[in-house]
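Colleague: One structure coming up, written as structure tokens, with questions to follow.
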Amino acid sequence: MNYMKKLIALLFVMMSVKTFSQLNITPMPAEVKMGKGNFTINRNTVIVLEGSGLEKTVDIFNGELQKMLGFKLKIVKVNPGKNTITLNFEKLDYKFPGAYNLTVDEKGIYIAGDNETGVFYGLQTLIQLLPPVSGKQLFQTADASRLNDIRYPAPTIPYLFINDYPRFEYRGVHFDVSRHFFPVNYVKKYIDYLAAHKFNTFHWHLTDDQGWRIEIKKYPKLTSVGAWRSGTIIGRFPGSGNDSIRYGGFYTQEQIREIVKYAGDRYITVLPEIDIPGHSMAALAAYPELGTDSTYPYKVAETWGINGPFNNVLNPTEKTFKFLEDVFDEVIKLFPSKYIHVGGDECSKTWWKQSAFCQQLIKDKNLKDEHGLQSYIIQRVEKYINSKGRKIIGWDEILEGGLAPNASVMSWRGEEGGIAAAKQGHDVVMTPGTYCYFDHSQTRNEDSVTIGSYLPLETVYSYEPIPAALTAAEAKHILGAQANLWTEYISNPAKVEYMLFPRMSALSEVLWTPKDKRNWNDFERRIPFLMQRYESWAANYSKAYYDLDATVSAAQDGNGLVWQVKRKPNGSQGMDVLFADGNSAIALPAYDADGKISTAVIPEKFEVKERARADQNSVSLNVTASGTARAALYNSTNQTGMELVMDEQHPVTVLTQKFSFNKATGKKITLKKEAAKNYPGNGAFTLVDGIQNTKGAGRSSEFLGFLGDCEATIDFGKTTVFDKVVIHALSQHSSWIWEPSRMEVSLSEDGVNFVPVGIGEEFIRVNTGNGTITMNMANSSARVIKVGVKNFGKIPEGNPGAGTVSWLFVDEIEVK
Ligand code: ACM
-1 MNYMKKLIAL
9 LFVMMSVKTF
19 SQLNITPMPA
29 EVKMGKGNFT
39 INRNTVIVLE
49 GSGLEKTVDI
59 FNGELQKMLG
69 FKLKIVKVNP
79 GKNTITLNFE
89 KLDYKFPGAY
99 NLTVDEKGIY
109 IAGDNETGVF
119 YGLQTLIQLL
129 PPVSGKQLFQ
139 TADASRLNDI
149 RYPAPTIPYL
159 FINDYPRFEY
169 RGVHFDVSRH
179 FFPVNYVKKY
189 IDYLAAHKFN
199 TFHWHLTDDQ
209 GWRIEIKKYP
219 KLTSVGAWRS
229 GTIIGRFPGS
239 GNDSIRYGGF
249 YTQEQIREIV
259 KYAGDRYITV
269 LPEIDIPGHS
279 MAALAAYPEL
289 GTDSTYPYKV
299 AETWGINGPF
309 NNVLNPTEKT
319 FKFLEDVFDE
329 VIKLFPSKYI
339 HVGGDECSKT
349 WWKQSAFCQQ
359 LIKDKNLKDE
369 HGLQSYIIQR
379 VEKYINSKGR
389 KIIGWDEILE
399 GGLAPNASVM
409 SWRGEEGGIA
419 AAKQGHDVVM
429 TPGTYCYFDH
439 SQTRNEDSVT
449 IGSYLPLETV
459 YSYEPIPAAL
469 TAAEAKHILG
479 AQANLWTEYI
489 SNPAKVEYML
499 FPRMSALSEV
509 LWTPKDKRNW
519 NDFERRIPFL
529 MQRYESWAAN
539 YSKAYYDLDA
549 TVSAAQDGNG
559 LVWQVKRKPN
569 GSQGMDVLFA
579 DGNSAIALPA
589 YDADGKISTA
599 VIPEKFEVKE
609 RARADQNSVS
619 LNVTASGTAR
629 AALYNSTNQT
639 GMELVMDEQH
649 PVTVLTQKFS
659 FNKATGKKIT
669 LKKEAAKNYP
679 GNGAFTLVDG
689 IQNTKGAGRS
699 SEFLGFLGDC
709 EATIDFGKTT
719 VFDKVVIHAL
729 SQHSSWIWEP
739 SRMEVSLSED
749 GVNFVPVGIG
759 EEFIRVNTGN
769 GTITMNMANS
779 SARVIKVGVK
789 NFGKIPEGNP
799 GAGTVSWLFV
809 DEIEVK
């Protein structure tokens, strides 16, 4: 820092009214000092290009200004002294490229980057200091006649001084374009999202079982055959059929060069992944001679997962190694990255076990087993790639059987792989599923199909990439972390963005902001502003952060149920709880064929029953009959003076709950033996809470899990006449959950002496997995009823978990 700058910085410290609390920049900069006063950009503001080599960066910045302000700024070389945005370099001495200082004062804006990357990041921060233009308005720009409707907020920026630099060297986001293909323009948009968040690596997952997406000139069938599948599984694996629609696409080498250049202009490295030796069905469909059985009818996979006959793998013959060298030759020419990703994950060893050639190779090369063979393949490929001046990185399975000498590791199956690699002195990128898999659901009430699991925003934000198990010296090998977006259940841009945002913003802060400056409460404060930013990009995003949380309990007066809905304490929203009788139709938010979320239709018959003010965090509704309850959260503030789309017609979030009443609903219930610890539901009451499970085992509050039988006793409080008893249970054999073998019912007047009245055995499936057993017993009467639900017992041979006791998941007992 020169003398003047020091003085200015000092002045800012003295004037400092507050540190960052009012800034809406994500990732939050390392150091912010606020001054007093504002600078406003106008049409006469000029960009002074003092540093050289920044032309492209300024061009990109001016493009953003055009979108945000409706005009571009003139670029000059000679500083006119005021009303300027000056770009220059200054030696800032930080560990990783990208440091910058940004000063706003009465003369204008001054950005000094440690290098070109730093200037680029300084401009990204400046863009975030400008108020976003509403996306709704931006959409209208497509319609020229409405151009005048655009209301650009004044580009006023407070005087401040920012000193900023990245915490980690590697800040990545991955994109699987194999399971679903995304065109060049969308890949560019994806890269824009990375750039805006100061990520520096785009991990491009280009090949997999479901499609080979990169043109390789020497092997044209990789794309003429391998880029196309004959159909795609419908729904969640194992699915409900195949759509039989030919699907695919690939990137030509010219398009790849275009994307690499586009990313490079934004200081983003494209890390290409060619996934070997597993996940190779598409390559084998094109060149069967590379497989362990060249007569096998290999085809591009049409379903997900690596089960059964899938996950055919490469046969490590000399022919295959030649193929790999040729492919990597072309890949290396296209991608200037230091690393080439060679995959290495989930390679089934079945095929090599069955192959005489592989077994002989294991003997000849003195390898321990098939894991050793995988290591042998990766090490040979590494040697080749090293000989071309590049390094390899692979998923943590490349540790099994011995790590290649110079390889780096992406730790995805938890942190253990990363810890082991770092302890062996290898560099690591952390990408553990529990924090970094953005294909997992963000909400517990997911309406779209996802791969499952649950990764809320808070969990992403809480991630610490340096495992506690490492010493300071070992921790130096943790280069950073990365989010992965696998696209089995993500087929369109709207869904991509719904899964990315706002989790990507949270991860950017984990990777950029100094650890001691990371602050969840402040990030929470910025969430509405982030959402405005996404809208200004015309991007979709998840509002799961605002999810309402509901509990059901028996009403104190014994009359029905109480549905209590709670909202997040932060923010200032109001909430309505509505109720419709059982005959009302309800349309939930859903994806239409184009992947857009259609707005919830509010049926006429819904009636507002309760309303919470902005300062109330919960509302309770007494439910006494079958019907659908709906809670809607509205944003009742206008925090930035901008138009918000979160008004009463566009609730921030909606929670609906269907209640099915019967004679047992809300009645006193006890269990002979409690449910298993991991599936406790909401206690015994779960079985009479009026909520029938339709979404399967993901909704853990809706059922009880038992590794034996379930026996429930329900006390109606007075003698009650009824005609049948129905038990509802789940059945999902792939998860070891089996339907009950039978139910038994006995009746009592005093709760002590029970008379058995019969058994029911026929389990009737009502939708995928779930089903009921009904016992008809017309005109029976009792005060107390005991219902025994029998576990299926041992899982039969040929099924997942064969030989062990199955799970019994019971979700409701109805007495009608
Ligand atoms: C992976 O998720 N198979 C790396």
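Position 381 (the sequence shown) corresponds to 379 in the numbering used here; numbering is contiguous.
Here a beta-carbon is modelled for each residue, glycine too, at the ideal position from N, C-alpha and C.
If you check the beta carbons only, do Trp510 and Arg169 fall under 8 Å apart?
Modeller: Contact: yes.
Colleague: Please find out if some non-hydrogen atom of the ligand ACM comes closer than 7 Å to the beta-carbon of Asp687.
Modeller: Because no heavy atom of the ligand ACM lies under 7 Å away, the Cβ of Asp687 does not count as near it: no.
Colleague: Is Arg244 closer than 8 Å to Ser222 when the C-beta atoms are compared?
Modeller: Result no, Cβ atoms of Ser222 and Arg244 do not sit closer than 8 Å.
Colleague: I need the boundaries of the alpha helix (DSSP H) containing Pro275, first residue and last residue.
Modeller: Looking at the DSSP string, Pro275 is not in any alpha helix (DSSP H), and its letter there is neither H nor E.
Colleague: Drop a sphere of 10 angstroms on the beta-carbon of Asn364, count the other beta-carbons inside from all chains shown, and report buried for 16 or more, exposed for fewer.
Modeller: Burial call: exposed.
Colleague: Using DSSP's beta-bridge definition, name the partner residues of Met428.
Modeller: Beta-bridge pairing links Met428 to Ser409, Ala479.
Colleague: Using only the heavy atoms of the ligand ACM, determine whether one of them is closer than 7 Å to the beta carbon of Glu344.
Modeller: Result yes, Cβ under 7 Å from the ligand ACM.
Colleague: Three or more C-beta pairs closer than 8 Å, one from the stretch 462 to 469 and one from the stretch 248 to 264: is that the case here?
Modeller: At 8 Å Cβ cutoff, the stretches do not touch.
Colleague: With distances taken between CB atoms, is the gap from Ile160 to Leu128 smaller than 8 Å?
Modeller: No.
Colleague: Using 10 angstroms around the beta-carbon of Ser451, count the other beta-carbons present and answer buried if the total reaches 16, otherwise exposed.
Modeller: So Ser451 counts as exposed.
Colleague: Quick one: measure Cβ to Cβ for Glu344 and Gly276, integer angstroms, because I've assumed they're closer than 8 Å.
Modeller: Indeed, because the Cβ distance is near 5 Å, the residues count as touching under 8 Å.
Colleague: Measuring from the CB of Trp202, is there a heavy atom of the ligand ACM at a distance below 7 Å?
Modeller: Outside the cutoff, so no.
Colleague: Jot down the residue ranges of each uninterrupted beta strand (DSSP E) in the stretch 365 to 422, minimum 3 residues, whole runs only, in chain order.
Modeller: 389 to 393, 406 to 409, all fully within the stretch 365 to 422.
Colleague: Compute every distance between the C-beta of Trp410 and the non-hydrogen atoms of the ligand ACM, then say whether any falls below 7 Å.
Modeller: Answer for Trp410: yes, Cβ within range of the ligand ACM.
Colleague: Within the stretch 49 to 99, note down every full alpha helix (DSSP H) run reaching 4 residues or more, in order along the chain.
Modeller: Fully enclosed alpha helix (DSSP H) runs of 4 or longer: 53 to 67.
Colleague: With DSSP collapsed to three states, give me the class of Lys186.
Modeller: Three-state DSSP puts Lys186 in a helix.
Colleague: If you draw a straight line from the C-alpha of Lys297 to the C-alpha of Ile396, how long is it?
Modeller: When rounded, the distance between both Cα atoms is 26 Å.
Colleague: Quick check: what's the CA-CA separation for Thr82 versus Val46?
Modeller: Between Thr82 and Val46, the C-alpha separation is close to 7 Å.
Colleague: Under three-state DSSP, which class holds Asn538?
Modeller: Residue state, collapsed to three classes: coil.
Colleague: Please report how far the alpha carbon of Thr651 lies from the alpha carbon of Val325, in whole angstroms.
Modeller: If I take the Cα positions, the gap works out to 48 Å.
Colleague: Assuming Gln655 is part of the beta strand (DSSP E), what are its boundary residues?
Modeller: From DSSP, the beta strand (DSSP E) with Gln655 extends over 651 to 657.
Colleague: Is DSSP giving Lys31 helix, strand or coil here?
Modeller: The answer is strand: DSSP assigns Lys31 an E or B state.
Colleague: Tell me the DSSP secondary structure of Cys434 in three-state form.
Modeller: Helix, per DSSP.
Colleague: Would you mind working out which of Leu63, Glu48, Ile58 sits nearest Tyr108, comparing C-alpha positions?
Modeller: With distances taken between Cα atoms, Tyr108 lies closest to Glu48.
Colleague: Between the stretch 686 to 700 and the stretch 736 to 752, do at least 3 Cβ pairs fall closer than 8 Å?
Modeller: Touching, no.
Colleague: Can you tell me whether Ala471 is buried or exposed? The criterion is at least 16 other CB atoms within 10 Å of its CB, across all chains shown.
Modeller: By the 10 Å Cβ count, Ala471 comes out exposed.
Colleague: Looking only at its chain, what residues have a beta carbon closer than 7 Å to the beta carbon of Glu300, apart from the 5 residues adjacent to it on each side?
Modeller: So the list reads Arg227, Ser228, Gly229, Thr230, Ile231, Asn240, once near-sequence residues are dropped.
Colleague: Would Ile266 pass as a contact of Asn198 if the rule is Cβ separation under 8 Å?
Modeller: For Ile266 and Asn198, yes; Cβs fall inside 8 Å.
Colleague: At a threshold of 7 Å, does Trp393 count as lining the ligand ACM (C-beta to nearest heavy atom)?
Modeller: Yes, since a heavy atom of the ligand ACM falls inside the 7 Å radius drawn around the Cβ of Trp393.
Colleague: Give me, in chain order, the residues of the same chain whose beta-carbon lies closer than 7 Å to that of Gly35; leave out the 5 immediate sequence neighbours on both sides.
Modeller: So the qualifying residues of the chain are Glu104, Tyr157.
Colleague: Using the rule of at least 16 other Cβ atoms within 10 Å of the residue's Cβ for burial, across every protein chain shown, is Ile667 buried or exposed?
Modeller: Result: buried.
Colleague: Determine the direct distance from the alpha carbon of Ile23 to that of Thr123, and round the result to whole angstroms.
Modeller: Each residue's alpha carbon lies about 7 Å from the other.
Colleague: Report the partner residues of Arg169 according to the DSSP bridge assignment.
Modeller: The partner list for Arg169 (beta bridge, DSSP) reads Ala479.
Colleague: Can you tell me which of the three DSSP states Leu332 falls into?
Modeller: Note: Leu332 maps to helix in three-state DSSP.
Colleague: I need the straight-line Cα distance from Asn443 to Leu71, nearest angstrom please.
Modeller: Near 46 Å, if we compare the C-alpha coordinates of Leu71 and Asn443.
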